[in-house]
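Counting in this note's numbering, the final residue of the sequence shown is number 858, and the numbers go up one at a time with none missing.
Idealized CB from N, CA, C, for every residue including glycine.
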Amino acid sequence: MTTGGRQSGMRLPGGDGSASMATETTTLSADLARTAVQTAVLAPSIHNSQPWHWRLHDGVLDLSADLTRAVPVADPDHRQLVMSCGAALFHTWLSLRAAGLTAQIDELPDGPDITRGRLATLRVIDTSAPAPGDAALAAAIGHRHTDRRPFDPADMPGELIRGLRAAAEEEGCWLDPLTRTDARVELSVILAHADWIETHDPAYQAELLRWSRTDPDATDGVPRSVVVGSETQRQSEFSLRDFDVVGQAGQHLRDPRVEHPGVLVLGTDADGPADWLRAGRALARVLAVATSAGLAASPLGQAIDLEATRALVREATGGLGTAQMILRVGYPDPAAEPLPPTRRRPIDEVLDLVSDPASA
Ligand SMILES: Cc1cc2nc3c(=O)[nH]c(=O)nc-3n(C[C@H](O)[C@H](O)[C@H](O)COP(=O)(O)O)c2cc1C
């Protein structure tokens, strides 16, 4: 992604700083801004809260956090809110790229306090045909949906995992595919730990209920129709000893067609609002690459909500920095129905078009 910001140490076009020297800016029209924001809002967001607001003025598109849509119990420091906005920012950039426009993004132009200042400004600095890769990624955006259903047991090829890793790195993040058995077991324990804490927190439960939707016309929140088997998923808070051993004749008593999802930990070296934005951009790019490769994914966010479990996740990946998101990734079951898209708010609720006095 071509960005040029002063807070986040982002790469400039071509990696040589040439964008900062661009003096000619192509004005972003209202129509183009609308199209770009239509794509932006397809981004994933915590609890489908869609915590973003866009404003077009003087050919510049501003992105701000909409704190009225914060999820303060699960996300007290707004980490995941900013990450959601970062994902939307990547979609905007990619949509413009697919239309042959290169946008320069200035992140946190008013400083790191996201409750007061804008998250980003975006202006068009160049026109050129999109690279085939960018066009394919843009096309994948409309097909991406969070898929919480069981995946096909097939393993993902190593080359694909390397491609997802490269996608995260392109946005300045790292991606750790947890392949070691001990790390995977450790992660499942951490997730269960986080689940246990949140399940026993009435404030968390009340907040989750506020974002849970049964009305099919709801334009935000998580519809019950896309939540899988929550009533049967956990039969006990503690796992029983598994007696489904391999039989004497070597036959599997247990159905071997259980999913073995890829589990990817996405992280950043530092941990502030600029890193959360960056993690959001990387999340969106990784998901777009995964979708275009026929993969499905769902975040395992509960271990990210809590500071203590976030730190444990980072320990499980065995390195420095901060874990920002955990993704479960795999091939969708070929017999599964296509997922219906989770709805979004109307565009006029999230985009202000400020008319140019010169054209009035
Ligand atoms: C920062 C962030 C955290 C999320 N956490 C979870 C999670 O813990 N569990 C989950 O099933 N989905 C999670 N999601 C996915 C959202 O629920 C999903 O994006 C939203 O409902 C919109 O649906 P869609 O992704 O299908 O468009 C998360 C998304 C983001 C961006």
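Hey, is residue i close to ligand 1, as in C-beta under 7 Å from one of its heavy atoms?
| i | result |
| --- | --- |
| P844 | no |
| V720 | yes |
| L863 | The chain is shown only over 499 to 858; residue 863 falls outside these bounds and no answer can be derived. |
| T840 | yes |
| L853 | Residue identity check: residue 853 is Ser in the sequence provided, not Leu. Checking the Cβ of S853 against ligand 1 gives no. |
| G615 | no |
| P574 | no |
| G799 | yes |
| S543 | yes |
| R783 | no |
| Q578 | yes |
| T537 | no |
| H758 | no |
| S593 | no |
| H643 | yes |
| A585 | yes |
| S790 | no |
| S723 | no |
| M654 | no |
| S582 | yes |
| S796 | yes |
Just grab the DSSP bridge partners of residue i for me.
| i | result |
| --- | --- |
| D624 | T600 |
| R826 | V761, S796 |
| S710 | V720 |
| T820 | T766 |
Can you look up residue i in the DSSP assignment and give me helix, strand or coil?
| i | result |
| --- | --- |
| I695 | helix |
| V720 | strand |
| A629 | coil |
| P651 | coil |
| T807 | helix |
| S853 | coil |
| L673 | strand |
| E605 | strand |
| A768 | coil |
| A833 | coil |
| T613 | coil |
| A618 | strand |
| T644 | strand |
| V725 | coil |
| Q505 | Low confidence applies to Q505: its pLDDT is 36, below 50, so where it sits in the model is not reliable, and the reading given next is rough at best. Note: Q505 maps to coil in three-state DSSP. |
| R841 | coil |
| D715 | coil |
| A490 | Past the boundaries of the shown model lies residue 490; the chain is included only from 499 to 858, so the question cannot be answered. |
| R739 | coil |
| R682 | helix |
Could you check the C-alpha separation between residue i and residue j for me, to the nearest Å?
| i | j | result |
| --- | --- | --- |
| T840 | V724 | 8 Å |
| E929 | A618 | The chain is shown from 499 up to 858; residue 929 falls before or after that span and cannot be answered. |
| P844 | R783 | 24 Å |
| S853 | I695 | 49 Å |
| D564 | H551 | 6 Å |
| Q800 | T524 | 42 Å |
| L676 | P630 | 30 Å |
| A652 | I623 | 44 Å |
| A794 | M654 | 11 Å |
| A788 | V726 | 21 Å |
| A597 | D680 | 45 Å |
| D831 | L837 | 12 Å |
| E667 | L673 | 7 Å |
| L775 | D767 | 13 Å |
| G817 | A627 | 39 Å |
| A601 | R621 | 5 Å |
| L658 | A665 | 11 Å |
| T712 | E847 | 22 Å |
Quick one: is residue i near chain D, going by C-beta distance under 8 Å?
| i | result |
| --- | --- |
| W694 | You won't find chain D in this structure, because it holds only one protein chain. |
CB of residue i to nearest heavy atom of ligand 3: below 7 Å?
| i | result |
| --- | --- |
| R646 | Among the ligands modelled here, namely ligand 1, ligand 3 does not occur. |
- Task: Output the residue ranges of the beta strand (DSSP E) runs that lie fully inside the stretch 518-592 and measure 3 residues or longer, sorted by chain position.
- Result: DSSP runs (the beta strand (DSSP E)) wholly in the stretch 518-592: 550-555, 558-563.
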